[in-house]
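Right, one structure below, let's go through it.
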Amino acid sequence: MALRALAVGRKHEPWVADGIDRYEKRLKKPFDLSWQLIPHSAREGDAARDEESARLLERLGGKNAADYVFLLDERGKAIDSPTLAARLQQPLDNSRNITLIIGGAYGVNPEVHERADFVWSLSPLVFPHQLVRLILAEQLYRSQEIAGRRPYHHE
């Protein structure tokens, strides 16, 4: 079992890479995380969204792939950290890999939304994609600690 993040965009900027490294060093199976970056489309608007979405779906392996898919989208469902930990733990307990998707500047098309098992909003605010990557890494670490009943998360 594994956690994989598919993110549209360039490699991590140094300040993001430093922060992600900080959390990735602390992540243990099954919460260890790998990144696959999908290049931005040279197009704009709907054309870019459709091209990037097709690339994301290719990496997912189609509708019959077994991965449990979290789509990060500001219009998704906002949940707290303990709920995220429980949502992550459920597919892991069922021996399913988890893929977390961070779309491009124009979002993702309806096919990616349909493929997602859960559409998750970090906030109704829109964040730069680089910052979302760092927040994702921290929240995965926090989920690991909550699942392990360790004191990183305070209620």
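Going by the UniProt record's numbering, the sequence shown opens with residue 1, and the numbers climb by one from there. In this text, a Cβ means the ideal position worked out from N, Cα and C, and glycines have one as well. Keep in mind the model is a prediction, meaning the values are calculated, not measured.
Taking the Cβ atom as the reference point for each residue, do Val16 and Leu71 lie within a distance shorter than 7 Å? Here the question's residue 16 lines up with position 16 in the sequence shown. Here the question's residue 71 lines up with position 71 in the sequence shown. No.
For Arg10, the nearest candidate out of Glu145, Ala47, Glu52, Ser143 (CA to CA): Numbered from 1 along the sequence shown, position 10 holds the residue referred to as residue 10. Closest option to Arg10, Cα to Cα, is Glu52.
Rounded C-alpha distance that separates Tyr141 from Asp93: Along the sequence shown, read from residue 1 onward, the residue named residue 141 stands at position 141. Along the sequence shown, read from residue 1 onward, the residue named residue 93 stands at position 93. Rounded to the nearest whole angstrom, the C-alpha separation of Tyr141 and Asp93 is 17 Å.
Out of Glu58, Arg26, Ala78, which has the shortest C-alpha to C-alpha gap to Pro124? In the sequence shown, residue 124 corresponds to position 124, counting from 1. The shortest C-alpha separation from Pro124 is found at Ala78.
Cα-Cα separation between Ile146 and His153, rounded to whole angstroms: Counting from 1 along the sequence shown, the entry for residue 146 is found at position 146. Counting from 1 along the sequence shown, the entry for residue 153 is found at position 153. Note on geometry: alpha-carbon atoms of Ile146 and His153 lie some 6 Å from one another.
Could you pull the start and end residues of the alpha helix (DSSP H) that Glu44 belongs to? For the purposes of this step, residue 44 is taken as residue 44 along the sequence shown, with counting starting at 1. In this chain, Glu44 is not harboured by any alpha helix (DSSP H), its DSSP state being neither H nor E.
Restricting to runs no shorter than 3 residues, where is the beta strand (DSSP E) found entirely within the stretch 3 to 84? List check, beta strand (DSSP E) in window: 3 to 8, 33 to 38, 68 to 78.
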